[in-house]
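S.K.: Below is a structure I'd like to ask you about.
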Amino acid sequence: MQSLADLEAQAGAAKAAFGAAAHILCDNLVRIYKTEGVEVVALQGLDLLIDKGELIAIVGASGSGKSTLLNVLSGLDVPTAGLARVAGMDLLSMTARDRLRFRRSVVGFIWQQTARNLLPYLTAQENVLLPMRLAANKAHRARAAELLDLLGVADCAGRRPGEMSGGQQQRVAIAVALANSPEVILADEPTGELDSDTSEDVFGALRRANRELGVTTVIVTHDPMVADQVDRTIGIRDGRTSSETLRRTSEDGGVIAEEYAVLDRAGRLQLPRDFMSALEMERRVRLELERDHIGVWPANQGDEQ
Amino acid sequence: MIRLLAAHRGTAALLALLALTASLLVAGLPRALEASLDESAETLLRTSPPLTTTLTVNMNGAYNFDPPKNVEQVTRKDALWRSAMPPSVQGMLDGTARYGYLTNKMQITNGRHRYLYLAWINDTDSRIRYVEGKAPGRSDAPKHFEVAFAAKPAAQFGIKIGDTVPFEGYQATVTGLYEPLDPDDAFWTVYNKGMSKVVEKQEPLADEPDHYITGLANGDALASGELDLGYSWVFQVNPAALTARNARDVLAGVVEAGDKVPSARQGTSVTTGISTQGQGGVSLATGLDQLIAEFLDRLSTTRALMAVLLGGLAVACLGTIALAVRLLGARMHGSLSLMRARGASLRRITAIGGGVTALAVVPAALAGAGLSFLVRGPSLPMLLAGPVALAVAAVAYACAEAARDHRQPLNERRDDIVARKPSPKRIALEILVVLLGAGGVQLLRTRGLGDDPFLMLVPALLTVAAALVALRLYPFPLRLLLRLSARRRDAAPYLGLAMAARAATGATLPVLTLLPALAISAYGAVAADGLGTAQRLAAWQRVGAEIRVERQQGIPADLIERIRRTSGVKEVVPAAIGQSVAEVGFRGRDAAVVAVDLNAYRRLVAGSPLDIPRPPAGGALVSPDVAAMSSFDIGWPERMTVRPQGKITSLPGVGSPDLALVVVPAMPQHTNTLLISGDPAAVKAAVPAGTVVRTMEDELAQIAAAPLTSSLMTGLRVVTLALAAYTLVAVAIMLISGAAERARALRLLTAIGLTGRQARVMAVLEVGPVLVLAGFAGLALGLGLPTLLGKGIDLSAYAGLRFGDYPIDPVMPALLAGGIALVALAGIYLGGSRAKSR
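Chains U and Z supply the protein sequences, listed in that same order.
Count along the first sequence from 1, then add 6; that gives the number in my numbering.
Count along the second sequence from 1, then add 47; that gives the number in my numbering.
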């Protein structure tokens, strides 16, 4: 039984801010594209917390805001409102100089198009050395070789992108993204243009980077193979996080996946679309607080009761 | 950077080629022009009468308190005058020293109408050879001179060696007779006629002519004698020293020299070239100022025209190079975006974008500038400014484009939205350019081009302003066409026009390049064509017929008949052309008189640019200044009374603006001129010696061969062709720039059933509107430029025509613009089907 003094101490203690310990934090993130006469809300109050060293996948339908989120996190795009912080850097209040430093040393980025990740006239090794040179770091050939070796493309060091397969190109691209030892790697559909075998190689490379270098890795993907192999899969719908699937290994060695709906700080919750259509839920639902859960009923059903 | 350049070597090579040709043109053309201007200046001095091109300081000893008393003093004065000349004039002098002095005319005692001059000239000794006796020396006797005469005039005067010629209280003993070493030298034929021959001159109201002979005396003896002497120091100029660039300074120097010659200020009229006596008896006489002033007039017209053309060429070169830079930028966009995303700073991206462009442009521009040195002409550091400016502009534009493109890290273009609200800054800038263009034209019309650099830019600015206005108006007809095409069943035109409308915002640079290029090339074509026509007209006007035969002593009827029957001669019109005094008022009026059958003359020149008036029913045609008289008399070809029956302002090849003109019916008995159509060679062979035959073709060749005119024509043609070539390159770059998007659209449309023909129609309709817009607007502006610029740039002088006679023929430029547009559209049509077949 807590005494009054305990309660007072508890109330007076500084409460940790939302996601204070998270490596990547998005709080009520909004991104609106405004062009002449057209306004597209790509992110509408998205919340997201990712811990350091996590490997997560972000899934969602086309146009749900996945790529926008990734562009915001990589510092290539600036959010309209809300809070976005990566490795302790506030992405909304960054100056141009901060942003450049952020892109150089905090994040690495991998695009879907294999050709877009690499300069076609440079060899794999030169491509890996490029970010080091751009950051005015001393170009370490040894580090480039090490990274290429880690990702299993050491034999491609002297080849140009045109002389490599798509999978090799993507693995070199991961090496490029890792060149300046970033804290976070963001990959936008890295296996989108690859067949399933090659996809597995590339994903394997990402996972190795995550495990061996401890880099926080965020992968936007449509690929179920990828989504099924990460620790956490976050679903995005209409510019908000809608669901999370957590995976853990059971005692018998099998993988147990549990899907959760996401409840945001304002208490908002997205019901899965198929649940809603199965019960013909529209506009209004009736909620009832039970002892250990909340019941949700379609409005008409409840009315009839 | 080098690898990035190598990866886009095709585009870089195109850019380099454009930079090379552009810098060759902008450095080489002015160089060639300057060379021809210099040549023209030199020719002018070389071919003008020597008396007008020299500077002569005259001193009348009678008016001077302290005239030179010996040769040494005269020689010292030569150095004095020379050092008194302004530096610009000193630079022109060829270093020959020529000075001397001459007595007034003195009557030979007992020699009726026979006069004697005594002279001393510093460089006579090297020009003569004594055939008898020796050079005159100093005589110890008072009022006595030793003299030498040229052998021929001495014989005419009956003077022999040893004779003593008495004159006005003095005596001259002949000690030598000489011969000019080169009797045709200007020294004898121009300056000292009286020394090599007897000069005959009829004084007014005198019964007999006077005869003059000039004798050479010893310099010191003559100077110290008590005769009144006229001294002169002749300064010869080196024709090659006058250039287009120093002409203005030289002119100012000549005028200043007039002031500097001591005490000559009031009396010397250097601007008219007429020398009059000044205080102290010193004056400067020259025709150089007038010659140079006339040359400067033509020079400024040439420079003005070339400034217009080079300005247009520069706009077209810059526009095309900018298009190529943009193409290279678009090709490098992916690589630069990746570098930017991987942590390259904006400064580095800008440096890479600019650096790659610099690698392509700078060596090419330098090579172009280097090649321009192969063009004959003066080495002017200024001429390198063109290529340098070109290279700097290209690199600066590349940097600006790279910075603009990659300023925002994620600057993805939205394909679905193309219309952007124009920024107020841009609208304000456009209005400023249009206002500057309009204001500049007004200034140009009122002031002329002169040397004002702003005014020289006006025509180019005007073309840019016109392009901006055309771009603003362009969407309206396009929208109308789009609506019309939407009603048609065939989808291809609608799709093509829709793509054109989508491309409208990207059309700015192409239109800003194409329109000025077409406008200036149309203007160049108008000017070249008009100049050709005007020269032809001028040649006709000077000769008055295909062939003109003149014989001072008259042309007898049998000779006319013989010429008429010569094979190759089509028609012969006899005329009497001369000068008389129209007896109007107290003093009469000098008039050119022509007796010709106007009907026959009209038939003779039918089909030529000449317009001969019809003959009056009776009486004569006269110029307006004497047309008010009911009748007046003339004394030539015979005494007759003229009864004006109509007015005539001019007749080809007759008279001058100072003379009245009287055209009377033919008088075959006084024929001195034949106007002929036919074969010039046959006529030349048929006429006797002493007959002048002038042909229209010879005259035309002479007009066209003038250095200034021929170089102007060459310049016009080169610029016109270069502009046409740049236009085509600009169109090609426009096509290449949109090729990827077009191919993507066509692939999509082919998948849903687009035919090859429809693909070609689409391609033509996509690019066609911009071309048609630029073509029509450019052509209209090019044709309107001569009128818009008015007197600012008047080419009539090149053809010897008065202002306003300069013809404008739209056919040539229209053919040029049409040809360029057709070639471009044909390329697009064929390219359209290729894109589809990929």
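Each residue gets a CB set at the ideal place from its N, CA and C atoms; glycine is no exception.
Return the CA-CA distance between T101/U and V84/U, expressed in angstroms with no decimal places.
M.R.: 11 Å
S.K.: What residue from V596/Z, G874/Z and V858/Z has the CA that sits closest to R807/Z's CA?
M.R.: G874/Z
S.K.: With DSSP as the reference, identify every bridge partner of Y521/Z, one or two as the case may be.
M.R.: None, per the DSSP bridge assignment.
S.K.: Could you check where the beta strand (DSSP E) with N30/Z kicks off and where it finishes?
M.R.: Nothing can be reported for residue 30/Z: it is not among the residues displayed for chain Z, which extend from 48 to 885.
S.K.: Per DSSP, what kind of secondary structure is S627/Z in: helix, strand or coil?
M.R.: strand
S.K.: By the DSSP assignment, the alpha helix (DSSP H) with A572/Z in it spans what residues?
M.R.: T555 to V590
S.K.: Where do the N-terminal and C-terminal ends of the beta strand (DSSP E) with Q50/U fall, by residue?
M.R.: V44 to I56
S.K.: Taking D194/U as part of the beta strand (DSSP E), name the residues at either end of that continuous run.
M.R.: According to the DSSP assignment, D194/U belongs to the beta strand (DSSP E) that extends over V190 to D194.
S.K.: Just checking: is the beta-carbon of G390/Z within a distance shorter than 8 Å of some beta-carbon in chain U?
M.R.: yes
S.K.: Return yes when the Cβ of A736/Z is within less than 8 Å of the Cβ of I610/Z, no when it is not.
M.R.: no
S.K.: Does L80/Z pass the burial test, meaning 16 or more other C-beta atoms within 10 Å, or should it be called exposed?
M.R.: buried
S.K.: Does DSSP classify H228/U as helix, strand or coil?
M.R.: coil
S.K.: Which of the three DSSP states, helix, strand or coil, is assigned to P691/Z?
M.R.: strand
S.K.: Residues of the stretch 395 to 414 of chain Z with a CB closer than 8 Å to any CB of chain U: list them in chain order, please.
M.R.: Cβ contacts with chain U come from R395.
S.K.: Which word fits R389/Z, buried or exposed, when buried means at least 16 other C-beta atoms lie within 10 angstroms of its C-beta?
M.R.: By the neighbour-count definition (other C-beta atoms within 10 Å, threshold 16), R389/Z is a buried residue.
S.K.: Measuring CA to CA, which of E257/U, V236/U, G210/U and D229/U is closest to A67/U?
M.R.: D229/U
S.K.: Return no unless some Cβ of chain U is closer than 8 Å to the Cβ of G75/Z.
M.R.: Not one chain U Cβ lies under 8 Å of G75/Z.
S.K.: If you drop the 5 nearest sequence neighbours on each side, which residues of the same chain put their C-beta closer than 6 Å to that of N26/Z?
M.R.: This structure gives no information on residue 26/Z, because the portion of chain Z shown stretches from 48 to 885.
S.K.: In this structure, does DSSP put M95/U in helix, strand or coil?
M.R.: strand
S.K.: Please list, in chain order, the chain Z residues whose beta carbon lies closer than 7 Å to that of C126/U.
M.R.: It should be noted that the sequence gives Pro, not Cys, for residue 126/U. The contacting residues are A54.
S.K.: Is the stretch 76 to 83 of chain U touching the stretch 245 to 263 of chain U, taking contact as three or more C-beta pairs under 8 Å?
M.R.: Two segments are said to touch when three or more pairs of C-beta atoms, one from each, lie closer than 8 Å; by this definition the stretch 76 to 83 of chain U does not touch the stretch 245 to 263 of chain U.
S.K.: List the whole-angstrom C-beta distance separating L645/Z from P621/Z, where the pair is believed to meet the contact cut-off of C-beta under 8 Å.
M.R.: Approximately 13 Å separates the beta-carbon atoms of L645/Z and P621/Z; this is outside 8 Å, ruling out the contact.
S.K.: Give me the Cα-Cα distance between I208/Z and T222/Z, rounded to the nearest whole angstrom.
M.R.: 6 Å
S.K.: Beta-carbon of A130/U versus every beta-carbon of chain Z: anything under 8 Å?
M.R.: no
S.K.: If you pair each beta-carbon of the stretch 744 to 751 of chain Z with each one of the stretch 571 to 591 of chain Z, do three or more pairs fall below 8 Å?
M.R.: yes
S.K.: For a contact meaning CB atoms closer than 7 Å, what does L106/U contact in chain Z?
M.R.: G390 and S392
S.K.: Starting from the C-beta of G615/Z, find all residues in its chain whose C-beta is less than 8 Å away, skip the five residues before and the five after it, and write them out in chain order.
M.R.: Taken in chain order, the residues that qualify are G725, D726, A728, A729 and V730.
S.K.: Suppose contacts are defined by Cβ-Cβ distances below 8 Å. Is M139/Z in contact with V297/Z by that definition?
M.R.: yes
S.K.: Using the three-state DSSP reduction, which class does G301/U fall into: helix, strand or coil?
M.R.: strand
S.K.: Hey, how far is the Cα of K40/U from the Cα of A514/Z?
M.R.: 31 Å
S.K.: So, with DSSP's three-state summary, where would you put D637/Z?
M.R.: Strand at D637/Z.
S.K.: Evaluate the contact criterion for the stretch 81 to 94 of chain Z versus the stretch 375 to 390 of chain Z: three or more CB pairs, one atom per stretch, below 8 Å.
M.R.: no
S.K.: Tell me, which residues are paired with E250/U by DSSP?
M.R.: Its beta-bridge partners are I240/U and Y266/U.
S.K.: Given this structure, state the Cα-to-Cα distance separating T397/Z from M386/Z, to the nearest angstrom.
M.R.: Across the structure, T397/Z and M386/Z are spaced so that their CA atoms are roughly 11 Å apart.
S.K.: Quick one: is K190/Z buried, meaning 16 or more other Cβ sit within 10 Å of its Cβ, or exposed?
M.R.: exposed
S.K.: Classify Q600/Z: buried if its beta carbon has 16 or more other beta carbons within 10 angstroms, exposed otherwise.
M.R.: exposed
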